[in-house]
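> Below you will find the structure I want to go over with you.
Number of protein chains: 2
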Amino acid sequence: MIMIMVEQLRSLPHAVRILRKNQYLFHQGDVVTSMFLIEAGEARLIRRHLDGRTVILQRALVGSVLAEASLFSESYHCDAVANTRLTVRVIRRDQMKAMFENDKAFASVWASHLSDEVRQARLRAEILSLKTVSERLDAWIADKGTMPAKGYWKTVAQDIGTSAEALYREIAARRAR
Amino acid sequence: MIMIMVEQLRSLPHAVRILRKNQYLFHQGDVVTSMFLIEAGEARLIRRHLDGRTVILQRALVGSVLAEASLFSESYHCDAVANTRLTVRVIRRDQMKAMFENDKAFASVWASHLSDEVRQARLRAEILSLKTVSERLDAWIADKGTMPAKGYWKTVAQDIGTSAEALYREIAARRAR
DNA sequence: CGTCCGCTTGACTCAGATCAAACTTGGTGG
DNA sequence: CCACCAAGTTTGATCTGAGTCAAGCGGACG
Numbered sequence: 019m020i021m022i023m024v025e026q027l028r029s030l031p032h033a034v035r036i037l038r039k040n041q042y043l044f045h046q047g048d049v050v051t052s053m054f055l056i057e058a059g060e061a062r063l064i065r066r067h068l069d070g071r072t073v074i075l076q077r078a079l080v081g082s083v084l085a086e087a088s089l090f091s092e093s094y095h096c097d098a099v100a101n102t103r104l105t106v107r108v109i110r111r112d113q114m115k116a117m118f119e120n121d122k123a124f125a126s127v128w129a130s131h132l133s134d135e136v137r138q139a140r141l142r143a144e145i146l147s148l149k150t151v152s153e154r155l156d157a158w159i160a161d162k163g164t165m166p167a168k169g170y171w172k173t174v175a176q177d178i179g180t181s182a183e184a185l186y187r188e189i190a191a192r193r194a195r
Numbered sequence: 019m020i021m022i023m024v025e026q027l028r029s030l031p032h033a034v035r036i037l038r039k040n041q042y043l044f045h046q047g048d049v050v051t052s053m054f055l056i057e058a059g060e061a062r063l064i065r066r067h068l069d070g071r072t073v074i075l076q077r078a079l080v081g082s083v084l085a086e087a088s089l090f091s092e093s094y095h096c097d098a099v100a101n102t103r104l105t106v107r108v109i110r111r112d113q114m115k116a117m118f119e120n121d122k123a124f125a126s127v128w129a130s131h132l133s134d135e136v137r138q139a140r141l142r143a144e145i146l147s148l149k150t151v152s153e154r155l156d157a158w159i160a161d162k163g164t165m166p167a168k169g170y171w172k173t174v175a176q177d178i179g180t181s182a183e184a185l186y187r188e189i190a191a192r193r194a195r
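Residue numbers (the working numbering), protein chains in the order written: chain R, 19 to 195; chain U, 19 to 195.
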């Protein structure tokens, strides 16, 4: 399903943009003129708080679209930053809108994709409403299937909204059993 | 926008169902045959955990649709319960799908609505990723505009994922300033 | 008028945030 | 090949915000 969508998006005229790690793709408040399909690398949607803390709204990997939720809105509601060196396909918003309006199959796939995003975001909120690290980790694993390789644990800690240390301790405790 | 959608939904043939408080509209895993438009009352989408604790995924008031994210899926991914006496308009899923496919305006409105849901769910996750009650309350108020009337505070506590007591204390502390 | 529910406040306890210091590991450049 | 650096991991110590239990208050409503 998602592949079908990506296929169709690739058929549109586009430009390509390459960003360095930590470079911004767009900022909260910018007028939405383009949508971005990730070709290589990884990005994150973040919101920065007054005190400088950042919250990750979403992590986006190869094949995902930034920012789906903005196709019908005037301005971006968060920042997008490259997590790694990042290659994105730039598609003009009006072209994507035209495709949505003229191609029934695409419209369905797009809506279905949005529905999935709703579910995922609600799941994330559900995980974050759990109180202990242990419960959150269980829920995270229940969703994803397995624990990732060692270098990615810190990332999981951010996903489930705890400090890295707390997660390491939980993992250590489980290892001990 | 949302009103336009509701208007169009009302134009479809439908049945009406009335539920008592705490009665279930559907359960997680049920096959999706219908969508529900709330005519009167209030419902909540919840997920029940092994230990019996319930997590509110979403609260739904008059005019909202349950469960948007399921139009394109086979089974419900959570439970829906009446918060009050509840009147819903029952619309068959295949009719709604047909409308999505044949009516461009509706398709746009629907996708736009889903985008909004994505934003809201992500915002909720963002709030829940904050660590102190004070920060969460600030974020909640920043989103909604103001604090609700006194009888609704307990609800807010659930929204921001803390105990009622913790919220009452935070409110008391603010009053003191 | 009694019952229910939301609010209020106190006391206690604890999970996890934070700070800190050491150790792996992979990559980079000399 | 090794020194060095950056990032992630590990573990300890400390502190605190908030969950929980508990008891009392007040308004709404049958």
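Glycine residues also receive a C-beta, built at the ideal position from the N, C-alpha and C atoms. These numbers come from a predicted model, not from an experiment.
So, does the CB of R:V108 fall closer than 8 Å to a CB anywhere in chain U?
It does not: the Cβ of R:V108 has no partner Cβ on chain U nearer than 8 Å.
> Does the CB of R:R147 have a neighbour CB from chain U at under 8 Å?
Here residue 147 of chain R turns out to be Ser, not Arg, going by the sequence shown. Chain U contact via Cβ: present.
> Once you ignore the five residues that flank U:T180 on each side, which residues in its own chain have a CB closer than 8 Å to its CB?
Excluding positions up to five away in sequence, the list reads V151, R154.
> Taking the Cβ atom as the reference point for each residue, do U:L55 and U:R107 lie within a distance shorter than 8 Å?
Yes, these two residues count as a Cβ contact at 8 Å.
> For the segment 52 to 124 of chain R, list the beta strand (DSSP E) runs that are entirely contained and at least 3 residues long, ordered along the chain.
You should have 52 to 58, 61 to 66, 72 to 78, 97 to 100, 104 to 110.
> Would you say U:H125 lies against chain R (beta-carbon separation less than 8 Å)?
First, the amino acid is wrong: residue 125 of chain U is Ala here, not His. Interface residue, yes.
> Once the 5 residues before and after U:A184 are set aside, which same chain residues still bring their CB inside 8 Å of it?
So the list reads V151, A175, once near-sequence residues are dropped.
> At a Cβ threshold of 8 Å, is U:K39 touching chain R?
Taking Cβ atoms only, chain R never reaches closer than 8 Å to U:K39, which makes this a no.
> Using 8 Å as the threshold, is the segment 116 to 125 of chain U in touch with the segment 71 to 86 of chain U, meaning 3 or more CB pairs across them?
Taking 8 Å as the limit for Cβ pairs, the verdict is that the segment 71 to 86 of chain U does not touch the segment 116 to 125 of chain U.
> Roughly how many angstroms separate the alpha carbons of U:V99 and U:I159, rounded to a whole number?
Distance between the alpha carbons of U:V99 and U:I159: 26 Å.
> Nearest to U:E92 by CA position, among R:L27, R:D134, R:G81, R:G47, is which residue?
The residue with the shortest Cα to Cα distance from U:E92 is R:D134.
> So for U:A167, helix, strand or coil by DSSP?
If DSSP states are grouped into helix, strand and coil, U:A167 belongs with coil.
> In three-state terms, what does DSSP make of R:I36?
R:I36 falls in the strand class under three-state DSSP.
> Assuming contact is defined by CB atoms lying nearer than 8 Å, are R:L132 and U:L132 in contact in what I supplied?
A contact, by the Cβ cut-off of 8 Å.
> Provide the residue(s) that pair with U:Y42 in DSSP beta bridges, ordered along the chain.
Paired residue(s): U:V99.
> Check for me: the alpha helix (DSSP H) holding U:A184 runs from which residue to which?
It spans 182 to 193 - the alpha helix (DSSP H) in which U:A184 sits, taken as one unbroken run.
> Beta carbons nearer than 9 Å to chain R: which residues of the segment 89 to 121 of chain U have them?
The segment 89 to 121 of chain U vs chain R, Cβ under 9 Å: L89, F90, S91, H95, C96, K115, F118, E119, N120.
> Per DSSP, what kind of secondary structure is U:V49 in: helix, strand or coil?
Of the three classes helix, strand and coil, the one that applies to U:V49 here is strand, per DSSP.
> Quick check on this structure: which residue in U:R65, U:A190, U:F90 has the alpha carbon closest to the alpha carbon of R:I145?
Residue U:R65 is the option with its Cα nearest to R:I145.
> Of all the residues that make up the segment 35 to 62 of chain R, which are near chain U by a beta-carbon distance shorter than 7 Å?
Those would be none; no residue qualifies.
> Any Cβ of chain U within less than 8 Å of the Cβ of R:Q76?
Closer than 8 Å: yes.
> Cutting at 7 Å between CB atoms, please list the residues of its own chain near R:R197, excluding the five before and the five after it.
In the structure as shown, chain R begins at 19 and stops at 195. Residue 197 of chain R is therefore absent and cannot be evaluated.
> Is U:V83 close to chain R, meaning its C-beta is less than 8 Å from at least one C-beta of that chain?
For U:V83, the answer is no, since every Cβ of chain R falls outside 8 Å of its Cβ.
> In angstroms with no decimal places, state the Cα-to-Cα distance between R:G169 and U:K39.
Each residue's alpha carbon lies about 49 Å from the other.
> Label U:A85 either buried or exposed according to how many other C-beta atoms from any shown protein chain fall within 10 Å of its C-beta, with 16 as the threshold for buried.
Burial call: buried.
> Express the C-alpha separation of R:A123 and R:I22 in angstroms, rounding to a whole number.
Distance between the alpha carbons of R:I22 and R:A123 is about 9 Å.
> Report, in whole angstroms, the separation of the C-beta atoms of R:L141 and R:D161, which I expect to be a contact under 8 Å.
About 6 Å; that satisfies the 8 Å criterion.
> For R:V49, count neighbouring Cβ atoms within 10 angstroms of its own Cβ and tell me buried if that reaches 16, exposed if not.
By the neighbour-count rule (16 or more Cβ atoms within 10 Å), R:V49 is not buried but exposed.
> Closer than 8 Å by beta-carbon distance: list the chain U residues that pair up with R:W128, in chain order.
Those are A129, listed as they occur along chain U.
> Comparing C-alpha positions only, which one of R:R111, R:C96, R:S126 sits nearest to R:H45?
Among R:R111, R:C96, R:S126, the Cα nearest to that of R:H45 is on R:C96.
> Between R:E60 and R:L37, is the Cβ-Cβ spacing less than 8 Å?
Going by C-beta atoms, R:E60 is not nearer than 8 Å to R:L37.
> According to a CB-to-CB cut-off of less than 8 Å, which residues of the segment 165 to 190 of chain U neighbour chain R?
Going along the segment 165 to 190 of chain U in chain order, one finds G179 with a Cβ nearer than 8 Å to chain R.
> Just mark R:R137 as buried or exposed, buried being the case when its beta carbon has 16 or more other beta carbons within 10 Å.
When all chains shown are included, R:R137 counts as buried.
> Could you tell me the distance, in whole angstroms, from the CA atom of R:A182 to the CA atom of R:I189?
Answer to the nearest angstrom: the Cα atoms are 11 Å apart.
> What's the C-alpha gap between U:A167 and R:R111?
For U:A167 and R:R111, the distance between alpha carbons rounds to 41 Å.
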